[in-house]
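Student: I'd like to ask you about the structure that follows.
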């Protein structure tokens with residue numbers, strides 16, 4: 004009861020009257036859908052459950068058979084219709100922000116295709132205006148071919164033009180950079196768009212190197228697998244003076260992990276870690292070691308590069324400190 008009394012009367016109900024839903028409700032639901040990727044049902048549930056549980060209200064979902072009062076949410080059809088109006092206003096504001104920006108402002112268009120089971124192929128796109136990201140409509144696409152991507156961008160420009168009254172050609176010419184995955188179907192798409200719009204100004208192309216990095220990782224793992232199986236795990240571990248983990252999926256990964264664990268500061272509280280002594284040994288050179296974590300993107304090649312960078316340092320460190328004979332140091336010597 005105290006929560007109800009402390010709540011202002013203007014916040015107690017979902018409607019201003021029996022026939023008028025509060026504009027703030029539509030704005031909140033639209034934001035939950037556009038910014039937090041909720042469905043219509045999820046957005047409505049978030050509003051109702053928050054109001055009822057946290058503020059002691061009695062808001063309820065729309066039901067055609069039930070009596071409507073000031074605590075009843077609007078029909079889903081009305082919410083979707085208002086959401087389209089909000090989207091049109093938002094797109095118009097984005098265009099205003101684009102055309103009103105000065106020459107010092109950098110405008111970047113970004114898109115990324117995706118596939119999801121049951122949802123098909125679609126493209127998520129947005130525009131970055133001087134460091135601020137503005138989401139554009141997510142559209143379905145038959146396939147990520149150059150003509151399809153060019154048509155998608157033309158359609159997006161036409162939607163922005165319809166929402167604002169600014170010509171699509173003008174909007175395209177205001178874009179400084181286009182960023183996309185470095186795949187064949189994304190190269191020179193802007194040339195097709197520029198040709199269709201009749202302009203010679205083409206945005207500069209920036210590529211995201213996610214796919215090349217993933218391919219690089221795959222090649223590393225492939226060559227490592229071939230090399231280790233050609234030599235044989237038993238022959239490799241037979242040369243060890245101490246017991247190593249023969250159940251590891253990769254000798255190479257185990258070697259990287261052991262070398263890094265010996266010198267990284269993440270484990271400097273462990274008795275077998277020698278990070279402080281290693282720092283003193285390589286001074287003024289800096290200890291660049293990073294831990295090997297499979298769940299982190301691009302971690303394998305980074306760990307390989309760091310290990311290669313410190314490989315001679317670790318070797319000279321162990322030659323100098325022969326008295327360091329814990330199991331980890333002995334394993335590193337064997338590697």
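Residue numbers (my numbering): 4 to 338.
A virtual CB, placed ideally from N, CA and C, is assigned to each residue, including glycine.
Note that this is a predicted model, so its numbers are computed, not measured.
1) Classify residue 146 as helix, strand or coil using the three-state DSSP reduction.
2) Helix, strand or coil for residue 409, going by three-state DSSP, please let me know.
3) Can you check the segment 159 to 205 for any alpha helix (DSSP H) of at least 4 residues that lies completely inside it and give the ranges in chain order?
4) Cα separation between residue 190 and residue 145?
5) If you compare alpha carbons, which of 12, 141 and 78 is closest to residue 67?
6) From residue 290 to residue 200, what does the alpha carbon distance come to, in whole angstroms?
7) What is the DSSP secondary structure of residue 82, reduced to helix, strand or coil?
8) Evaluate residue 82 with the Cβ neighbour count: other Cβ atoms within 10 Å of its Cβ, from every protein chain shown; 16 or more gives buried, anything less gives exposed.
9) Could you name the residues of the same chain whose beta carbon sits closer than 7 Å to that of residue 31, not counting the 5 residues immediately before and after it, in chain order?
10) May I ask you to verify whether the segment 165 to 177 touches the segment 93 to 105, counting CB pairs closer than 8 Å and requiring at least 3?
11) Let me confirm a value: residue 221 is counted as buried when at least 16 other C-beta atoms fall within 10 Å, else exposed. Which label applies?
12) Pull up the distance between the alpha-carbon of residue 250 and that of residue 261, whole angstroms please.
13) How would you call residue 279, buried or exposed, if buried means at least 16 neighbouring beta carbons within 10 angstroms?
14) Taking residue 283 as the reference, give the member of 275, 266 and 274 with the closest Cα.
15) Within 7 Å (strictly less), CB to CB, does residue 303 reach chain C?
16) Give every residue of the same chain whose Cβ lies closer than 8 Å to the Cβ of residue 214, excluding the five residues on either side of it in the sequence, and list them in chain order.
17) Please report the straight-line C-alpha distance between residue 122 and residue 224, rounded to a whole angstrom.
18) Please state whether DSSP places residue 310 in a helix, a strand or coil.
19) Could you give the DSSP three-state label for residue 115: helix, strand or coil?
20) Identify, in the order they occur along the chain, each residue of the same chain with its Cβ nearer than 8 Å to the Cβ of residue 69, setting aside the five sequence neighbours on each side.
Tutor: So, to answer that:
1) coil
2) Missing from the structure shown is residue 409; the chain here goes from 4 to 338 and no further.
3) 171 to 176 and 192 to 200
4) 18 Å
5) 78
6) 54 Å
7) helix
8) buried
9) 50
10) yes
11) exposed
12) Because residue 250 carries a pLDDT of 48, less than 50, the predicted location of this residue cannot be relied on, and the following value inherits that uncertainty. Each residue's alpha carbon lies about 15 Å from the other.
13) exposed
14) 266
15) Going by chain labels, chain C is absent from the structure shown, which holds only one protein chain.
16) 184, 185 and 186
17) Confidence at residue 122 is low in this model, with a pLDDT of 49, below 50, so its placement is unreliable and the value that follows should be read with caution. About 32 Å.
18) helix
19) strand
20) 63 and 75
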